[in-house]
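Numbering (UniProt numbering), first residue to last: 1 to 402.
Structure (structure tokens):
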């Protein structure tokens, strides 16, 4: 009996499978099995998932046609890292935009942190850090998944003579490269003159140009029109199309002091604190709505509130929104391009494409050159001639006889 049991035990031992402690991988080899827990343990990956999920909830529950990838891939260039730039950047991040670039030459001052949410008190110490660099760093601190950089440079301003030609040329080259590399250009500077060159560049390059300007209790938010091939008469205007004078430094003897002579609606710093936040939010929402339109940057302005052209998920895409906090009203305005515009007319964009820096240098140094090239000078002459033909009856004794 004992011998039989021993034989049976040996037989069962031979039948047992060989166990080595390794599991075969998909290639059939015995090796270690690794499990990647990065998505569950890495804070950056967790942040990526949470940010994406917050946006996808809108797509899943509210707007299934929303193209989130198009928004995320849009590369945004913010010219100005002040109050408008800070709020615009935060709203862009909220929509998942992954590429945000700042351009500014200013430093953080003690009055900035309370109005500009990307800066803190410590940023003001020792003269203040450069806004463009600190703003990009702040975005990375808020969300490490964003690709943000800052460039400290001045935007050449029309009517302000060039003092250092070599430096101005270098800054022009950097700005030109940045415009070419990005999809949407935001004009968020303090002065009207500073918006001229980026407007010309954006129109010439066919880029989306978004503009916001503030008054004390009012604001304008708009998208610049792109070149219309099929229907030129429907081409939307830019920030300068309603002006009959070219932007210039009003006090030529005091270079850089033109802001002093401008009205409050052209100075972005003297405003009710909430105006910048409202305008910035509307500007970003306008861009997102534009990106969702089938025609993109060529989307026409609606003719009425019920006029919703195209199958896009975010409603109307106005040309301009003008707001007034005194009455808490917003109105949508459509402005057509002006053939003699000092920034987006064919003569101006053609000269920029053909001559580049030579054209810009002449526009900066020669007062009246832009008006002459665009045709505004001739418009002024025609208006003055028409006024000269008007005969006034100085001998009339009452208004009824005039």
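Think of the CB as a built atom: it goes at the ideal place given N, C-alpha and C, for glycine as much as any other residue.
Option in the options with minimal Cα separation from residue i
i	options	result
residue 223	146, 131 and 208	208
residue 203	42, 347, 271 and 128	347
residue 121	127, 64 and 110	110
residue 320	335, 312 and 314	335
residue 429	301, 212, 140 and 40	Residue coverage of the chain in this structure runs from 1 to 402, which leaves residue 429 outside it and unanswerable.
residue 114	366, 302, 274 and 289	274
residue 73	184, 174, 105 and 157	184
residue 343	383, 195 and 182	195
residue 104	55, 166, 171 and 46	171
residue 140	372, 384, 318 and 89	89
residue 163	385, 364 and 119	364
residue 98	70, 147, 135 and 131	147
residue 63	137, 116, 379 and 315	315
residue 102	214, 182, 150 and 367	150
residue 71	93, 86, 220 and 357	93
residue 370	247, 386, 287 and 276	247
residue 341	372, 357, 366 and 323	372
residue 161	138, 367 and 378	367
residue 91	123, 283 and 386	283
residue 107	126, 100 and 28	126
residue 277	116, 75, 46 and 47	116
residue 214	239, 299 and 270	270
residue 197	235, 356 and 385	356
residue 374	240, 304 and 123	240
residue 86	138, 179, 28 and 206	138
Between the CA atoms of residue j and residue i - distance to the nearest angstrom
i	j	result
residue 169	residue 53	45 Å
residue 152	residue 33	50 Å
residue 60	residue 66	9 Å
residue 337	residue 362	24 Å
residue 177	residue 44	31 Å
residue 231	residue 79	30 Å
residue 68	residue 51	12 Å
residue 260	residue 216	Here residue 260 scores only 49 on pLDDT, less than 50, and its place in the model is too uncertain to base an answer on.
residue 166	residue 173	11 Å
residue 272	residue 112	14 Å
residue 382	residue 376	10 Å
residue 26	residue 134	48 Å
residue 226	residue 297	7 Å
residue 313	residue 58	11 Å
residue 77	residue 84	13 Å
residue 156	residue 220	23 Å
residue 55	residue 291	16 Å
residue 281	residue 330	13 Å
residue 145	residue 47	8 Å
residue 235	residue 299	10 Å
residue 378	residue 243	14 Å
residue 387	residue 136	53 Å
residue 143	residue 100	12 Å
residue 180	residue 205	7 Å
residue 128	residue 301	42 Å
Residue i classed as buried or exposed, judged by whether at least 16 other C-beta atoms fall within 10 angstroms
i	result
residue 359	buried
residue 30	exposed
residue 186	buried
residue 328	exposed
residue 352	buried
residue 35	exposed
residue 49	exposed
residue 82	buried
residue 96	buried
residue 119	buried
residue 293	buried
residue 380	exposed
residue 41	exposed
residue 323	buried
residue 132	buried
residue 385	exposed
residue 38	exposed
residue 303	exposed
residue 175	buried
Whole-angstrom C-beta distance between residue j and residue i, which should lie under 8 Å
i	j	result
residue 237	residue 193	In fact, because the Cβ distance is near 18 Å, the residues do not count as touching under 8 Å.
residue 325	residue 154	About 31 Å; that fails the 8 Å criterion.
residue 349	residue 245	19 Å between Cβ atoms; not a contact.
residue 289	residue 333	Actually they are not in contact, since the Cβ atoms of residue 289 and residue 333 sit about 16 Å apart, beyond 8 Å.
residue 287	residue 210	5 Å
residue 339	residue 182	Not a contact, Cβ separation roughly 28 Å.
Could you pull out every unbroken alpha helix (DSSP H) segment of at least 4 residues lying fully inside the stretch 285-367, listed in chain order?
-> 346-355 and 357-365
Where in the stretch 59-100 do unbroken runs of the alpha helix (DSSP H), each at least 4 residues long, occur, reported from the N-terminal end onward?
-> 68-73 and 83-94
Kindly provide the ranges of any alpha helix (DSSP H) runs that are 4 or more residues long and lie completely inside the stretch 131-171, ordered along the chain.
-> 131-142
Please go through the stretch 181-258 and give each complete alpha helix (DSSP H) segment of 4 or more residues, from N-terminal end onward.
-> 196-205
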